[in-house]
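Colleague:
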Amino acid sequence: MIRFKDIVDSKCGIRYCFEQLELCSGVARRMLLETCMMESGEEIRSSYLSMLEAVRILDDADVYECIIANLCQLHDIGPTIARLGNGEVLDDIELFEIKHLALISSKVRTKLGTLSLCSDKSECKLPVPDDLEALIDILDPDGLRINSFYIYDSYSPELAALRNRIRHSDGRDKEEAYVEASGLEASIRAAISSRAKGFAERLSGALSSLALLDIVVAKAKMMEDKGYVIPKIVSEREAGSYEGLYHPEIASRLEKEGKNFQPIDFSFSQGPTLLVGINMGGKSVLLKMLALAQYLTQFGFAVPATSARVSVMEDIFLVSGDAESSTEGLSSFAGEIKSIEKVIEASRSGKKTLALIDEPARTTNPVEGTALVSALTVILEEMGTTTVITTHYDTPDVKCRCMRVKGYMDGKMDYSIIDAGEAGVPHEAIDTARRLGADRRWMELAYKFVEKR
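This is how it looks when you write it as structure tokens:
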């Protein structure tokens, strides 16, 4: 299973989205990193229903502020809960920890209950913690509901008398009273721990529910603040598509430079797609966007687009042409071949696979490079792999959909993806270099060499 922590540093840029999440607690961060990628359409749809219900929290300022304030106090007390469940006697700090969690859970549960959609927990899609009022009563016999723990006098009249004796005596009598009180307090701690043991499972569930609520609310807030969309999950037989897809990290960087990111429309085909066009045409960025959108969908995030239709995958590969492995001492080409081998292996095993491969074999000679790209396209088509390959090589003998970047129009770069038609790979490099101000003599000679071929 692919976990979020396995892909958080993927070249697609999903770490940026992770860091943009306004998570309140470290527990939620760790839970999200350990989350497994969803491979069921129903599971993904259910996660989006939770997100839509979380929007109701955002719309009610009082509920939102209360829930966020409490989630910010959430700590991972898993080891303490484990000790409680094992029947061990907890100390005052540990008893404070479980009381603190129970109080947070109660406050959040109460606030969620004010939303009509959460009045019936069986119908609510939000993670609602279990009722822990009975545990609070054990830990808070005076009903003070304050965020602290103490062996209160009300636990034992005998303890109250001993403490009074300590306050009003001195010398040996005070010392004896203190020893007796300490022994009695230890007995009371043991009794409290024994009574609280039965709540260990519910405490663990409350911790998980609160962390999950933190994640869901953060995802909903990101969607609302950024204007992302919830994609429609389509069947395996349908090809996915996007309208207005963009890369949030690159868009943010461009915005700081006073530039705009051009959103892209793209649809997958049943067979492989070859994407051709000049360097700096956005082909590599498109592959990153497609990988990012797929991961975001299958980890339950909204997608940076105006519209999205996504087919669920079991394996997702973004293979970059600079796949050098310094740790293994592999060259760029060798690293790339090993990465592509993993794509083929996953596809051959029957997994529904998305393969996004950026300029394979670009470091080899054009004859062999063309052969390798052509053969790779054929084999992935045979195995039914959803494939997008960017390349500069002409592959006239391969049956596939060929798309290209629109290129320069009216003196401006247009990054739209259009059908390449029968022209194949466009020869735009010299013209682009000229537009970038390259030496005139260099360009004139280059044009002459092209004309001779």
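The numbering of the sequence shown is our numbering, which starts it at 1 and goes up by one.
Ideal Cβ positions, reconstructed from N, Cα and C, are used throughout, including at glycine.
#1: Which first and last residues belong to the alpha helix (DSSP H) in which L52 is found?
#2: Excluding the five sequence neighbours on either side, which residues of its own chain have a C-beta within less than 6 Å of the C-beta of C400, listed in chain order?
#3: Out of curiosity, what's the CA-to-CA distance linking A160 and I192?
#4: Classify R499 as helix, strand or coil using the three-state DSSP reduction.
#5: Quick check: what's the CA-CA separation for S50 versus G78?
#6: Go to S339, then tell me how far its beta strand (DSSP E) extends in each direction, as first and last residue.
#7: Does the beta-carbon of I136 have 16 or more other beta-carbons within 10 angstroms, so that it is buried, or is it exposed?
#8: Inspect the CB distances between the stretch 48 to 65 and the stretch 214 to 221 and report whether three or more fall short of 8 Å.
#9: For the 8 Å Cβ check, are there 3 or more pairs between the stretch 60 to 69 and the stretch 99 to 115?
#10: Is the Cβ-Cβ distance between T395 and V373 less than 8 Å?
#11: Measuring alpha carbon to alpha carbon, tell me which residue in R195, L212, D76, P129 is nearest A206.
#12: Start and end of the beta strand (DSSP E) containing Y242?
#13: Quick check: E22 and R3, are their CB atoms within less than 8 Å of each other?
#14: Are the CB atoms of H247 and M313 within a distance shorter than 8 Å?
#15: Excluding the five sequence neighbours on either side, which residues of its own chain have a C-beta within less than 7 Å of the C-beta of K111, listed in chain order?
#16: Thinking I104 and L74 are a contact (beta carbons under 8 Å), I'd like their distance in whole angstroms, please.
#17: Which of the three DSSP states, helix, strand or coil, is assigned to A161?
#18: Distance cutoff 8 Å, beta carbons only. Does T387 sit that close to anything in chain C?
#19: Would you report the Cα separation of T306 and A239, rounded to the nearest angstrom?
#20: Which residues in the same chain as I233 place their Cβ atom closer than 7 Å to its Cβ, once the five residues preceding and following it in sequence are excluded?
#21: Compute the distance between the beta-carbons of C12 and A291, then report whether it is under 8 Å.
#22: Might you give, ordered along the chain, the residues of its own chain that have their beta carbon closer than 6 Å to the beta carbon of F266, omitting 5 neighbours on each side?
#23: Alpha carbon to alpha carbon, what distance is there between M403 and S269?
#24: Could you pull the DSSP bridge partners for K232 from this structure?
#25: Could you check if M37 is buried or exposed, using at least 16 other CB atoms within 10 Å of its CB as the buried criterion?
#26: Among Y152, R109, D142, K125, which has the Cα closest to the Cα of L132?
#27: Buried or exposed: which applies to G277, given that a residue is buried once 16 or more other Cβ atoms fall within 10 Å of its Cβ?
#28: So for R440, helix, strand or coil by DSSP?
#29: Under DSSP, the beta strand (DSSP E) around S267 begins and ends at which residues?
#30: On the DSSP letters alone, give me the boundaries of the beta strand (DSSP E) that A177 sits inside.
#31: Report the rounded CA-to-CA distance for E97 versus F18, giving the unit in angstroms.
#32: Give me the DSSP bridge partner(s) of I357.
#33: Thinking C-alpha only, which one of K352, A371, Q20 is nearest P360?
#34: In the DSSP assignment, what residue or residues form a beta bridge with D414?
Modeller: On the basis of the supplied data:
#1: In the sequence shown, the residue the question calls residue 52 occupies position 52. DSSP places L52 inside the alpha helix (DSSP H), whose first and last residues are 41 to 59.
#2: As a working mapping, residue 400 is identified with position 400 in the sequence shown. Excluding sequence neighbours, C400 sits near G271, P272, L274, T377.
#3: Within the sequence shown, residue 160 is the residue found at index 160, counting from 1. Within the sequence shown, residue 192 is the residue found at index 192, counting from 1. If you take the alpha carbons of A160 and I192, they lie about 17 Å apart.
#4: Any property of residue 499 remains undetermined from this structure, which presents the chain solely from 1 to 453.
#5: Stepping through the sequence shown from its first residue, residue 50 is reached at position 50. Stepping through the sequence shown from its first residue, residue 78 is reached at position 78. Roughly 25 Å separates the two Cα atoms.
#6: Numbered from 1 along the sequence shown, position 339 holds the residue referred to as residue 339. First-last for S339: 332 to 348, but that is the alpha helix (DSSP H), not the beta strand (DSSP E).
#7: Sequence index remark: in the sequence shown, residue 136 carries index 136 (1-based). Classified as buried, I136 has 16 or more neighbouring CB atoms from the shown chains inside 10 Å of its CB.
#8: Of all C-beta pairs linking the stretch 48 to 65 to the stretch 214 to 221, three or more are shorter than 8 Å, placing the two stretches in contact.
#9: The stretch 60 to 69 is in contact with the stretch 99 to 115.
#10: The count along the sequence shown starts at 1 and reaches residue 395 at position 395. The count along the sequence shown starts at 1 and reaches residue 373 at position 373. Contact flag set, yes.
#11: For this step, residue 206 is matched to residue 206 along the sequence shown. For the residues R195, L212, D76, P129, the minimum Cα distance to A206 belongs to P129.
#12: For the purposes of this step, residue 242 is taken as residue 242 along the sequence shown, with counting starting at 1. Run containing Y242: 241 to 245, per the beta strand (DSSP E) assignment.
#13: If you number the sequence shown from 1, residue 22 lands on position 22. If you number the sequence shown from 1, residue 3 lands on position 3. For E22 and R3, no; Cβs fall outside 8 Å.
#14: Against the sequence shown, residue 313 aligns to sequence position 313. Against the sequence shown, residue 247 aligns to sequence position 247. Taking the C-beta atoms as reference points, H247 is found no nearer than 8 Å to M313.
#15: In the sequence shown, residue 111 corresponds to position 111, counting from 1. Only residues of its own chain outside the window of five on either side were considered, and among them V63, C66, I67 have a CB closer than 7 Å to the CB of K111, listed in chain order.
#16: Locating residue 104 in the sequence shown gives position 104, counting from the first residue. Locating residue 74 in the sequence shown gives position 74, counting from the first residue. In this structure, I104 and L74 form a Cβ contact; the two beta carbons are roughly 6 Å apart against a cut-off of 8 Å.
#17: As a working mapping, residue 161 is identified with position 161 in the sequence shown. Three-state result, A161: helix.
#18: The structure shown contains no chain C; it holds only a single protein chain.
#19: The sequence position of residue 306 within the sequence shown is 306, counting from 1. The sequence position of residue 239 within the sequence shown is 239, counting from 1. Taking the straight line joining both Cα atoms gives about 17 Å.
#20: By 1-based counting over the sequence shown, the position of residue 233 is 233. Cβ within range, chain order: G41, I44, R45, V310, V312.
#21: Counting from 1 along the sequence shown, the entry for residue 12 is found at position 12. Counting from 1 along the sequence shown, the entry for residue 291 is found at position 291. Contact: yes.
#22: In the sequence shown, residue 266 corresponds to position 266, counting from 1. Once the five neighbours on either side are set aside, the close Cβ partners of F266 are Y242, I417.
#23: Along the sequence shown, one-based indexing puts residue 269 at 269. Along the sequence shown, one-based indexing puts residue 403 at 403. So the alpha carbons of these two residues sit roughly 11 Å apart.
#24: Reading the sequence shown from its first residue, position 232 is the one you call residue 232. DSSP, once it has assigned bridges, lists R309 as partnering K232.
#25: The residue you call residue 37 lines up with position 37 of the sequence shown. Buried, because 16 or more other Cβ atoms sit within 10 Å of the Cβ of M37.
#26: The sequence position of residue 132 within the sequence shown is 132, counting from 1. When each option's Cα is compared against that of L132, the closest is R109.
#27: Locating residue 277 in the sequence shown gives position 277, counting from the first residue. Flag for G277 reads buried.
#28: The count along the sequence shown starts at 1 and reaches residue 440 at position 440. Of the three classes helix, strand and coil, the one that applies to R440 here is helix, per DSSP.
#29: As a position in the sequence shown, residue 267 is number 267, starting the count at 1. Start and end: 264 to 267.
#30: Numbered from 1 along the sequence shown, position 177 holds the residue referred to as residue 177. For A177, no beta strand (DSSP E) segment is defined; the enclosing uninterrupted segment is the alpha helix (DSSP H) at 171 to 196.
#31: Position 97 of the sequence shown holds residue 97. Position 18 of the sequence shown holds residue 18. Those two C-alpha atoms are separated by around 28 Å.
#32: For the purposes of this step, residue 357 is taken as residue 357 along the sequence shown, with counting starting at 1. Beta-bridge pairing links I357 to V319, I389.
#33: Translated into the one-based positions of the sequence shown, residue 360 becomes position 360. Comparing Cα positions, the closest option is A371.
#34: Working through the sequence shown from its first residue, we reach residue 414 at position 414. Under DSSP, D414 shares a beta bridge with G407.
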